[in-house]
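Sequences listed follow chains V and P, in order.
Going by this note's numbering, the first residue of the first sequence is number 1, and it counts up by one from there.
Going by this note's numbering, the first residue of the second sequence is number 1001, and it counts up by one from there.
Glycine included, each C-beta is placed from N, C-alpha and C at the ideal position.
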Amino acid sequence: MSALSTSLFGFSLRGILFRGRTAGFAALPLVVAAVVVAVIALTSVPARYGVQDTFTGNLLTGLVVPIVALVLGIGAFGDERDSGTLPLLRAVARPRWHVVLARSAAAWTSTVVVCLPAAVACAVLGVSVQQPAARVVGGIALATALTAAAYCGVFVLLSLLTRRGLLAGLAYVVLWETFLAGLAPALRGLSIGSYGRRVASLAIPGDVPLGTVAATGVGTSALVLAAVAVVSVVLASWRLQRMDV
Amino acid sequence: MSAPVTAGAAGTTVELTGVSKWFGDTVALSDVSVRLGAGVTGLLGHNGAGKSTALALLAGATRPSQGVVRVAGLDPHADPAVHRVLGIVADGEGTWAHASARTQVEFLARQRGVRSPARAAAEVLAAVGLTEAADRRVGGFSKGMRQRVKLAQALVHDPQVLLLDEPLNGLDPAQRRADVDLLARLGEQGRTVLVSSHVLAEVERMAERVLVVVNGRLVAEGEPTAIRELLVDRPRTVRLEGGRVLELAGALLSEGLVASVRREGAGRSGVLVEAPRAVALAEAVPRLAQRTGATLRRVEGVGEDLESTFAHLVRAARGAGR
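Dropping the structure here:
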């Protein structure tokens, strides 16, 4: 019995992707993508050069990824709680961390898929200002994937800790990630977004500021994001094992 | 009541030992000890009596505040391996609306280690009468159909132990009969089946043994006929209406069949009699009505709700019967 059961993953993924709410939130990345396309069509290269940070750092990594991850990550177990099917997910003959891993992987996959239009648009924007294509695509792909993994891990855990996960997660994203963490350099070390923006800086020319970034290097930031995802899965597994459903 | 109950000959597969469960200040289950073996056991009690809590503990959905729970020798809350031998129909919704009946039953079969999940799903869906609707999304199902999906989910891996929380709710009479027969058959095949209900008549059609839970306490257990006698032949207030009912009440009083007689209040013509044993009263009324010339229009129990019935059992269990 492999740890990441394809059946468990596939069933979870279908559950997340075919929810009405997912389709609704898929509009957010599409809107960002449309705005980027409009910017590319209507502005000159020097003007576009200066807005990359806004789109890649603030919009993609700082808004689209966390919001989509919030909705889909919380839904991984929150919707099961609401529909009374959480006991069924515990009533399977495999370790509970397999269930958490499959649900987290499904939330991450669906978040990346839903965010893809916005990520592609940001990459096109970067390439359009004569940045090396491999660096732009690689940087944005890595930043999107790792930031989504960290956020999904945290929100999946949150969905098992409280019935009001969506509200708590929204407060976290709005208050902490977009406001409080930017107030002092010391706080950035506790912000997923700041690590995500540091990884995204791979795709941005060195002279373009990227908003609030972590003080660590790109490699360390990538490791921190991966570690947040792994630790969240471990804690969520412990929680699912212990909780009453 | 915490006295252990002996299991059937096939050995114990389900066991609660000194189990209590409380939620804050509310005691949901109090010092319950019971052992179950092969066969169908009915778990009877009014709403809020503790039936669902007992089943949730056995299903591993929650941990006991005190005591030990074992299913097939395993701790159902801590050990997921128990779900290879355990099937559950839980209280509440319990189906995935986005998936078809076949998809979700097959998914659960796979997750519980069934070798041929597709075949097992097809067979169990046929057994609960859902073959034709198997590929439709469950979100569009009626309540009765969803209940059958839940039953299929519980049965698909051919479990040795079945815990079913009001599994007949929402079913039409024909399906109810079919499922009662199905559960009785499962018990005859040597499985341990625990079925909760608040309807004695339903339980006694499939169960060889009945446990009665009242206010979190196990207050009675035994064969269905014994439980029926316990529930039916108890002190009752009965209203008699018709001509010459006072004479009839007097005759009942003189034969010691009723303890007291009261006339009803203004505007009502009946009398209320307090009978220590309802069955003896029921047997005597036709005979004495004939003798006294009473013409009865109505004979009915007063306060005949289920909770008052169970309250009687609580008093009996405390040794304070009337």
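query, result
"V:Phe-77 - containing alpha helix (DSSP H), residue span", "65-83"
"Beta-carbon spacing of P:His-1046, P:Gly-1060 below 9 Å", "no"
"Proximity winner among P:Val-1014, P:Thr-1041, P:Gly-1094 and P:Ala-1280, relative to P:Lys-1143 (alpha-carbon distances)", "P:Gly-1094"
"Exposed unless 16 or more other CB atoms sit within 10 angstroms - verdict on V:Asp-79", "buried"
"Per-residue burial, P:Ala-1009 [other beta carbons within 10 Å of its own, 16 or more giving buried]", "In this predicted model, P:Ala-1009 has a pLDDT of only 39, less than 50, meaning its place in the structure is not dependable enough to derive any value."
"Contact set between the region 87-118 of chain V and chain P, restricted to residues whose Cβ is under 8 Å from the partner", "Pro-87, Leu-88, Arg-90, Ala-91, Val-92, Ala-93, Arg-94, Pro-95 and Arg-96"
"Helix, strand or coil at P:Leu-1200 [DSSP, three-state]", "helix"
"is_contact[V:Val-245, chain P] using C-beta, thresh 9 Å", "yes"
"Buried or exposed (CB count within 10 angstroms, at least 16 for buried), V:Pro-132", "exposed"
"Other residues of its chain near P:Thr-1209: CB distance less than 6 Å, five sequence neighbours each side excluded", "Before going further, note that residue 1209 of chain P is Arg rather than Thr in the sequence given. Contacts found: Thr-1041."
"Host alpha helix (DSSP H) of P:Arg-1228 (start-end)", "1224-1232"
"Where P:Thr-1192 falls: helix, strand or coil (DSSP)", "strand"
"Candidates V:Val-199, V:Ala-41, V:Leu-42 and V:Phe-77: closest to V:Leu-60 by CA position", "V:Val-199"
"Contact set for P:Ser-1260: own chain, Cβ-Cβ below 6 Å, skip 5 residues either direction", "Glu-1274"
"Secondary structure of P:Thr-1013, DSSP reduced to three states", "coil"
"Coarse secondary structure for V:Trp-97, derived from DSSP in three states", "helix"
"Residue-level contact to chain P via CB, V:Gly-15, 9 Å cutoff", "yes"
"Neighbour list for P:Gly-1113 in chain V, Cβ cutoff strictly below 7 Å", "Ala-93"
"8 Å Cβ shell around V:Leu-70 - same chain, five flanking residues per side excluded", "Tyr-151, Phe-155, Leu-166, Gly-169, Leu-170 and Val-173"
"DSSP bridge partner residues for P:Asp-1165 (one or two, in chain order)", "P:Ser-1196"
"DSSP-derived helix/strand/coil call for P:Thr-1237", "strand"
"Near-chain V residues of the region 1085-1100 of chain P (beta-carbon distance less than 8 Å), N- to C-terminal order", "Leu-1086, Ile-1088, Ala-1090, Gly-1092, Glu-1093, Gly-1094, Thr-1095, Trp-1096, Ala-1097, His-1098 and Ala-1099"
"Reduced DSSP category for P:Leu-1257 - H, G, I as helix; E, B as strand; rest coil", "coil"
"V:Phe-9 at chain P interface by Cβ criterion, 9 Å", "no"
"Any 3 or more C-beta pairs closer than 8 Å across the region 3-17 of chain V and the region 92-110 of chain V", "yes"
"Inter-residue CB distance, V:Ala-222 and V:Leu-142 (contact presumed, cutoff 8 Å)", "7 Å"
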